[in-house]
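Colleague:
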Amino acid sequence: MANLVKPKVGIFIFSIFVLILIPLLKSKFNAPVIFKQWKEKLSWNDFQGLPPIFSRYSAAINSKIFLELDSFTKEYHAYARQNNILSWVKTSDTSSQYLLDHEQYHFNITELHARIMNQYIAENPGLSFADYYRQLNLVNVDRDLMQNQYDEESHHSVNRTNQHFWEYRIDSLLITYSSDSGWITDNYARSSLYFASKPHFLEGVNHDNAFRGYYLNKYGMHLSHLCFQMTDKNDMKLIRTNLSDYYETRKLNIQSFKTELNNNELHAFVVTEDTVNSFIYHKWIINQKYTYMTEARFPDNEGDTIGYGKIARSFINSFRIANTDEYWLNQFQKMNATKPDSKKTENATRQCYYATHEKLPGFYGEPIFTESGSLIIPYDVINVADSLLGYNVIFTGQYSFGTAPQDWNHLFSIEPDLIPKDSFTIELGYILRSDSASECKHFFGQQLKVKSQVMLH
Amino acid sequence: MHTKDPFLASLEVKPFFNALSYRDFLTPISLSVFIMALIKTFEFVGLDDYWDLSYTMILIAFLFMPINHIVYRLEHKRQNNFMGRVIHDITFILLLIVIMQIHYFILTSGFMLMDSSFSFVILIFIILMGYELLIALLKRLLNLFSWQIL
Numbered sequence: 003m004a005n006l007v008k009p010k011v012g013i014f015i016f017s018i019f020v021l022i023l024i025p026l027l028k029s030k031f032n033a034p035v036i037f038k039q040w041k042e043k044l045s046w047n048d049f050q051g052l053p054p055i056f057s058r059y060s061a062a063i064n065s066k067i068f069l070e071l072d073s074f075t076k077e078y079h080a081y082a083r084q085n086n087i088l089s090w091v092k093t094s095d096t097s098s099q100y101l102l103d104h105e106q107y108h109f110n111i112t113e114l115h116a117r118i119m120n121q122y123i124a125e126n127p128g129l130s131f132a133d134y135y136r137q138l139n140l141v142n143v144d145r146d147l148m149q150n151q152y153d154e155e156s157h158h159s160v161n162r163t164n165q166h167f168w169e170y171r172i173d174s175l176l177i178t179y180s181s182d183s184g185w186i187t188d189n190y191a192r193s194s195l196y197f198a199s200k201p202h203f204l205e206g207v208n209h210d211n212a213f214r215g216y217y218l219n220k221y222g223m224h225l226s227h228l229c230f231q232m233t234d235k236n237d238m239k240l241i242r243t244n245l246s247d248y249y250e251t252r253k254l255n256i257q258s259f260k261t262e263l264n265n266n267e268l269h270a271f272v273v274t275e276d277t278v279n280s281f282i283y284h285k286w287i288i289n290q291k292y293t294y295m296t297e298a299r300f301p302d303n304e305g306d307t308i309g310y311g312k313i314a315r316s317f318i319n320s321f322r323i324a325n326t327d328e329y330w331l332n333q334f335q336k337m338n339a340t341k342p343d344s345k346k347t348e349n350a351t352r353q354c355y356y357a358t359h360e361k362l363p364g365f366y367g368e369p370i371f372t373e374s375g376s377l378i379i380p381y382d383v384i385n386v387a388d389s390l391l392g393y394n395v396i397f398t399g400q401y402s403f404g405t406a407p408q409d410w411n412h413l414f415s416i417e418p419d420l421i422p423k424d425s426f427t428i429e430l431g432y433i434l435r436s437d438s439a440s441e442c443k444h445f446f447g448q449q450l451k452v453k454s455q456v457m458l459h
Numbered sequence: 113m114h115t116k117d118p119f120l121a122s123l124e125v126k127p128f129f130n131a132l133s134y135r136d137f138l139t140p141i142s143l144s145v146f147i148m149a150l151i152k153t154f155e156f157v158g159l160d161d162y163w164d165l166s167y168t169m170i171l172i173a174f175l176f177m178p179i180n181h182i183v184y185r186l187e188h189k190r191q192n193n194f195m196g197r198v199i200h201d202i203t204f205i206l207l208l209i210v211i212m213q214i215h216y217f218i219l220t221s222g223f224m225l226m227d228s229s230f231s232f233v234i235l236i237f238i239i240l241m242g243y244e245l246l247i248a249l250l251k252r253l254l255n256l257f258s259w260q261i262l
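Sequence lines, in order, name chains H and E. The opening position of the first sequence corresponds to residue 3 in this note's numbering, with each subsequent residue numbered one higher. The opening position of the second sequence corresponds to residue 113 in this note's numbering, with each subsequent residue numbered one higher.
(1) Can the beta-carbon of residue 367 of chain H be found closer than 8 Å to that of residue 190 of chain H?
(2) Select from the stretch 62 to 96 of chain H all residues with a C-beta closer than 7 Å to any C-beta belonging to chain E, and list them in chain order.
(3) Note down, in chain order, each residue of its chain lying with its Cβ closer than 8 Å to the Cβ of residue 344 of chain H, except the 5 sequence neighbours on either side.
(4) Say whether chain H places a C-beta atom closer than 8 Å to the C-beta of residue 204 of chain E.
(5) By DSSP, does residue 349 of chain H sit in helix, in strand, or in coil?
(6) Specify the secondary structure class of residue 258 of chain H as computed by DSSP and reduced to three states.
(7) So, at 6 Å on beta carbons, what are the nonlocal neighbours of residue 375 of chain H in its own chain, with the 5 sequence-adjacent residues on each side left out?
(8) Helix, strand or coil for residue 409 of chain H, going by three-state DSSP, please let me know.
(9) From the DSSP output, in three-state form, read off residue 152 of chain E for me.
(10) Roughly how far, in whole angstroms, is the beta-carbon of residue 390 of chain H from the beta-carbon of residue 435 of chain H, given that I think they are within contact range, below 8 Å?
(11) By the 7 Å beta-carbon criterion, what residues does the stretch 133 to 153 of chain E contribute toward chain H?
(12) Are the stretch 145 to 156 of chain E and the stretch 422 to 442 of chain H touching by the rule of at least three beta carbon pairs closer than 8 Å?
(13) I need the DSSP call for residue 84 of chain H, collapsed to helix, strand or coil.
(14) Compare the C-beta of residue 204 of chain H with all C-beta atoms of chain E and state if any pair is closer than 8 Å.
(15) Quick one: complete alpha helix (DSSP H) runs, 4+ long, within the stretch 104 to 192 of chain H?
(16) Could you pull the start and end residues of the alpha helix (DSSP H) that residue 232 of chain H belongs to?
(17) Quick check on residue 96 of chain H: does DSSP put it in helix, strand or coil?
(18) Give the interface partners of residue 58 of chain H over in chain E, defined as CB-CB distance under 8 Å, in chain order.
(19) Measuring straight from C-alpha to C-alpha, what distance separates residue 11 of chain H and residue 135 of chain E?
(20) Taking 8 Å as the cut-off, decide whether the C-beta atoms of residue 169 of chain E and residue 141 of chain E are in contact.
(21) Can you tell which of H/75, H/107, H/241 has its C-alpha closest to the C-alpha of residue 63 of chain H?
(22) For chain E, is any of its Cβ atoms less than 8 Å away from the one on residue 21 of chain H?
(23) Could you tell me whether the Cβ of residue 8 of chain H comes closer than 8 Å to any Cβ of chain E?
(24) Against chain C, with Cβ distances strictly below 8 Å, would residue 131 of chain H count as a contact?
(25) Given that residue 183 of chain E touches chain H, what residues does it touch there, using C-beta distances under 7 Å?
(26) Is residue 30 of chain H helix, strand or coil by DSSP?
(27) How would you label residue 220 of chain H, buried or exposed, when you count the other beta carbons within 10 angstroms and need 16 or more for buried?
(28) So residue 193 of chain E packs on residue 257 of chain E, CB below 8 Å; how close in whole Å?
(29) Interface residues of chain H around residue 200 of chain E at Cβ under 7 Å?
(30) Find the residues of chain E that neighbour residue 25 of chain H, judging by a C-beta separation of less than 8 Å, and give them in chain order.
(31) Please list, in chain order, all residues of the same chain as residue 26 of chain H whose beta carbon is under 8 Å from its beta carbon, the five residues on each side excluded.
(32) Does the separation of the CB atoms of residue 120 of chain H and residue 79 of chain H fall below 8 Å?
(33) Using the Cβ count rule (16 or more neighbours within 10 Å means buried), how would you classify residue 147 of chain H?
(34) Three Cβ pairs or more, each shorter than 8 Å: is that satisfied between the stretch 192 to 201 of chain H and the stretch 238 to 254 of chain H?
(35) Round the Cβ separation of residue 162 of chain H and residue 223 of chain H to the nearest angstrom and send it over; I've been treating them as touching at under 8 Å.
(36) Quick one: Cα of residue 215 of chain H to Cα of residue 127 of chain H, how far?
This is how it looks when you write it as structure tokens:
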């Protein structure tokens, strides 16, 4: 009888040795692990693991959801954390921000599922750890499915358009499970639209037209929205022509140009291509008071642009004109509650002012009449910091009022008994702090025509 | 002298159990641990990026299964019969699953989720029977050409 016990025991011991060695190598012989919280952005220093030698990928991340008992609230809380030892990157790829972003969004998917778990805990308080752990296992199955789908559809970040679409999708889902809705409303311009990520604010003056807006350079795209204040009455027919000129002067190749006139409001949707291979989607809404322009720009030289197109349409279609009267009426109530400095108002009436109209000073919202008959006008000084402002001034012909810049966003108000009965013109603007001590102050202002009865609530 | 029908003899389990010893368990244990080590090595060097290692494991398990029978023949100086082989295969598969679970438990303090339904167990049994039947047919075919294996 052949004695094969020794070779069998030899194979067994060798295999056990390999099975012990592999986890030790993976953990870098139990090197101290740093778990990174999701709130901090990832850097390549967080990828300290050993890269698999035959792996065709450049990096991998290990992130998990942890359940912890909050000793203060006595409730469980789920956290997403990244393990630096089990996350790895090949040294040749540590300069790629694009690749790091791909890994960051894997981490974001884990965070998303931690939030889903937290929502479950909030909806089912007081359960045992075993119950929550069972639910966490189900959440982890969904998380793994989503991670795989993300890699599959973005082709491990090789397919740029799908990669960016997934980034947009994950950001949108993260917002769904946060206190922020993603909707940005400009209370002055009355514009409202959805950003999956926090945009940058923008304001200025262009050809005597004050504008306010937001922009976001993310997902390989430029997404922006601008609202221009119209100083003169718009001729819609002329605007339609001007709109065509706008594209011609910029040498943009028009792919599609659709316009529609509704209630003296021009709606236009224009798709163009520029000379550097970018697609530009524009949505215009132009009325007597404002011109709204929503833009999505993305490259079309990367083959597949379906993902970009989806983001562009989603962004542009989210724009709507909002009614912000309630917001300003609340601000007005708050302003009354804080009782602005009456002395300052009184002083303003006795001052000497001179106006040069040398530059357009601000962006004003539509005048609103309160139930008590007061007139309120939201007013935002453009390109001047609050610290440089002396106070805001409004003239109604007979009277002038001054108010110091406050938290309630430069809201002018005129008491009912001081409002002229017919249509009237007011001048609104500001005095610089550096000019406060002058005998006759430089007034930076602009005119606004108000129809008393029409705008009554 | 009365000789048994070879077909009926192949379905008897008594010869297998009569000769059963610790060595018959040592073979599948060593093979299972070796397969695990092989798969974990593949995973460690990143071969799981190219193909699914769970299918690779099933494939390797079926490829390594005849080794049990080769070792059995060397140790017992006789071939295992059909039922003995099936029992040996089932032992091997069960040990492989147990070792996988132990390995997983040591690393994660949890257990791998596996289909443990009755129908799945029956399916495994049928697959193993079919596999051994196929091997038996192949052996018979090769014997016809005097190319005896196993």
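Note that beta-carbon positions come from the ideal geometry of N, C-alpha and C, so glycine has one too.
Modeller: According to the structure data:
(1) Taking the first residue of the first sequence as 1, we reach residue 367 of chain H at position 365. Taking the first residue of the first sequence as 1, we reach residue 190 of chain H at position 188. Contact: yes.
(2) none
(3) Residue mapping note: residue 344 of chain H aligns to position 342 of the first sequence, counting from 1. No answer about residue 344 of chain H holds up, because its pLDDT of 45 lies below 50 and its placement is not dependable.
(4) Here the question's residue 204 of chain E lines up with position 92 in the second sequence. Residue 204 of chain E does not count as touching chain H.
(5) As a first step, residue 349 of chain H must be located in the first sequence, where it is residue number 347. Reliability fails at residue 349 of chain H, whose pLDDT of 49 lies under 50, so the model's placement of it is uncertain and no value is given.
(6) Locating residue 258 of chain H in the first sequence gives position 256, where the first residue counts as 1. Residue 258 of chain H: strand per DSSP, three-state reduction.
(7) Translated into positions along the first sequence, residue 375 of chain H becomes position 373. Taken in chain order, the residues that qualify are 418.
(8) As a working mapping, residue 409 of chain H is identified with position 407 in the first sequence. Here residue 409 of chain H scores only 47 on pLDDT, less than 50, and its place in the model should not be relied on; the value that follows carries that caveat. Coil, per DSSP.
(9) Residue mapping note: residue 152 of chain E aligns to position 40 of the second sequence, counting from 1. DSSP places residue 152 of chain E in helix when its eight states are reduced to three.
(10) Within the first sequence, numbered from 1, the residue matching residue 390 of chain H stands at position 388. Within the first sequence, numbered from 1, the residue matching residue 435 of chain H stands at position 433. Yes, they are in contact, since the Cβ atoms of residue 390 of chain H and residue 435 of chain H sit about 6 Å apart, within 8 Å.
(11) 135, 138, 139, 141, 142, 145, 146, 148, 149, 152, 153
(12) no
(13) Against the first sequence, residue 84 of chain H aligns to sequence position 82. Strand at residue 84 of chain H.
(14) Locating residue 204 of chain H in the first sequence gives position 202, counting from the first residue. So no, residue 204 of chain H is outside the interface.
(15) 131 to 155, 162 to 178
(16) If you number the first sequence from 1, residue 232 of chain H lands on position 230. Note, residue 232 of chain H: premise wrong, no alpha helix (DSSP H); not H, not E.
(17) Against the first sequence, residue 96 of chain H aligns to sequence position 94. Correct three-state label for residue 96 of chain H: coil.
(18) As a position in the first sequence, residue 58 of chain H is number 56, starting the count at 1. Going along chain E in sequence order, the residues near residue 58 of chain H (Cβ under 8 Å) are 158, 161, 162.
(19) Against the first sequence, residue 11 of chain H aligns to sequence position 9. Against the second sequence, residue 135 of chain E aligns to sequence position 23. Cα to Cα, residue 11 of chain H sits roughly 10 Å from residue 135 of chain E.
(20) As a position in the second sequence, residue 169 of chain E is number 57, starting the count at 1. As a position in the second sequence, residue 141 of chain E is number 29, starting the count at 1. Not closer than 8 Å, so no.
(21) Translated into positions along the first sequence, residue 63 of chain H becomes position 61. Of the listed residues, the one whose Cα sits closest to residue 63 of chain H is H/107.
(22) On the first sequence, residue 21 of chain H is found 19 positions in, with the first residue counted as 1. Interface residue, yes.
(23) Residue mapping note: residue 8 of chain H aligns to position 6 of the first sequence, counting from 1. Not an interface residue.
(24) No chain C is present in this structure, whose protein chains are H and E.
(25) Walking along the second sequence from the start, residue 183 of chain E turns up at place 71. What residue 183 of chain E touches in chain H: 6.
(26) Residue 30 of chain H sits at position 28 when you count from the first residue of the first sequence. Three-state result, residue 30 of chain H: coil.
(27) The residue given as residue 220 of chain H occupies position 218 in the first sequence. Its Cβ being crowded by 16 or more others within 10 Å, residue 220 of chain H is buried.
(28) Working through the second sequence from its first residue, we reach residue 193 of chain E at position 81. Working through the second sequence from its first residue, we reach residue 257 of chain E at position 145. Not really, about 22 Å apart at Cβ, beyond 8 Å.
(29) One-based indexing of the second sequence puts residue 200 of chain E at position 88. What residue 200 of chain E touches in chain H: nothing, since even the nearest Cβ is about 14 Å away.
(30) Counting from one through the first sequence, the residue named residue 25 of chain H turns up at place 23. By Cβ distance, chain E contributes 219.
(31) Here residue 26 of chain H is taken as the residue at index 24 of the first sequence, counted from 1. Around residue 26 of chain H: 32.
(32) Counting from one through the first sequence, the residue named residue 120 of chain H turns up at place 118. Counting from one through the first sequence, the residue named residue 79 of chain H turns up at place 77. Contact flag set, yes.
(33) The residue you call residue 147 of chain H lines up with position 145 of the first sequence. Counting Cβ neighbours within 10 Å, residue 147 of chain H comes out exposed, since fewer than 16 surround it.
(34) no
(35) Indexing the first sequence from 1 puts residue 162 of chain H at position 160. Indexing the first sequence from 1 puts residue 223 of chain H at position 221. About 11 Å separates the two Cβ atoms, so there is no contact after all.
(36) For the purposes of this step, residue 215 of chain H is identified with residue 213 of the first sequence, where counting begins at 1. For the purposes of this step, residue 127 of chain H is identified with residue 125 of the first sequence, where counting begins at 1. Each residue's Cα considered, the two are about 42 Å apart.
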